[in-house]
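Numbering (our numbering), first residue to last: 1 to 311.
So the structure is just underneath, and the comments pick up after that.
Given below as C-alpha cells:
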C-alpha cells in the first residue's frame, strides 16, 4: 500500500476552500499531514475512500498488517466530539476507534465492509436494519454535561441556515416550503426535553451504516455507524434524517404517499412518534438541499423538489 498525493473529493475541496485561509492551508498541507500520521501511528496510507463531505478518508494498514481507515477532518469541523462519542461507544453501534489525535483532527478506525446504501436492499429492509442499529447506538451513555448542541439548538440552527441560504441562493424553492420548515423547527425546539434525549448519531443515513467484516459484540444487526455528529436530542431526530433521503425514489411516484409510507415504517420499527419523525425529516430535507446547493452540488434541488410536493 503506497500513498502518493492526496486526491481530495470535490465536495470536501469545496468546503475546505469555503473556509478561506485555514481550509486552503489544510489542502496545501494534506500530504504532509498524512505522512505525519503514517509516522505517528506506524501505518501505511493508501487510496482515498469516496463519499466524505467534511474530511479526507483513506484506506490504511497497520504495522502488523491489519486493515484500518484514516480520517482527517477539515479545520473548524472539530473531531473532538466525534472522538469522544466513539470512545464512549467502544464499538457498540459504532465503528471501533483504534487511535485518535484531536489536535490534528485525526482518527484511525477499524476497517469495515460496504455501507447499507451500497447493497441494493429494499426500503423496508433498510429501515428495519437502520432502526436496529440505532437502538444499539442510542444505548451509549449521555455525556456528563449537556453539550453545546442539543435538539433545541439544532432545530434553531437549521432554521437559521434555511433562512440565510434561501435568500443567498435567490429563493430556489417556494416561500411555502421555507415557512413550513421554519414552523416545524419551532415545534421541535419547543418539544425538547432533556429527560427524553439520547446521544443521537446526527446523520445516520444508509451511507453511514457500514457492515462489519465479521460478527462481533456491539454489532448485533451486522452494521455499525461512522461519522457521528455527537449531540443530544430526541431519538426521532435520527429517524428524521433517515426520512430525509431517497429523493430519487420519492420523485419517481406519488411523492406524498411514498414519504408517508416511509415515515410510517420508521415509526413502526422504532416505536417513536411519526409526527416528530415527519417534522424532523422535512426540516432536514430543506436544510440539506439548500446547504449542498451552496457548495455547488446540484443534487440538492431534488431534495427541494420533494419538499415542494409535500406542502
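Even glycine gets a Cβ: it sits at the ideal position worked out from N, Cα and C.
Chain-order list of residues whose beta-carbon lies under 7 Å from that of residue i (same chain, five-residue window excluded)
i           : result
residue 150 : 192, 231, 232 and 233
residue 17  : 23 and 24
residue 251 : 302, 305 and 306
Selected residue, minimal CA-CA separation from residue i, among the options
i           : options             : result
residue 247 : 207, 9, 300 and 190 : 300
residue 114 : 222, 268 and 292    : 222
residue 292 : 154, 243 and 165    : 165
residue 65  : 44, 13, 55 and 74   : 44
residue 96  : 86, 167 and 267     : 86
residue 308 : 143, 94, 254 and 42 : 254
residue 111 : 67, 172 and 187     : 67
residue 172 : 238, 13, 304 and 27 : 304
residue 213 : 88, 116, 48 and 287 : 116
residue 55  : 79, 36 and 42       : 79
Contact check, residue i vs residue j, beta carbons under 8 Å
i           : j           : result
residue 136 : residue 218 : yes
residue 225 : residue 133 : yes
residue 272 : residue 235 : yes
residue 161 : residue 283 : no
residue 148 : residue 105 : no
residue 7   : residue 31  : no
residue 199 : residue 158 : no
residue 131 : residue 42  : no
Residue(s) in a DSSP beta bridge with residue i
i           : result
residue 97  : 109
residue 31  : Per DSSP, none; premise fails for residue 31.
residue 199 : 232
residue 209 : 225
residue 115 : 210
residue 180 : Looking at the DSSP assignment, residue 180 forms no beta bridge with any residue, so it has no partner.
residue 150 : 232
Own chain residues within Cβ distance below 6 Å of residue i, not counting five before or after
i           : result
residue 302 : 247
residue 276 : 236
residue 100 : 83 and 107
Residues near residue i by beta carbon distance below 8 Å, same chain, minus five either side
i           : result
residue 123 : 246, 249, 262 and 265
residue 311 : 174, 176, 177 and 180
beta-carbon residue i near the ligand ZN non-hydrogen atom, thresh 7 Å
i         : result
residue 9 : As far as ligands go, the structure on display features none, and thus does not contain the ligand ZN.
*At which residue ranges does the segment 40-101 contain complete beta strand (DSSP E) runs of 3 or more residues, listed in the order of the chain?*
43-48, 55-62, 67-73 and 97-101
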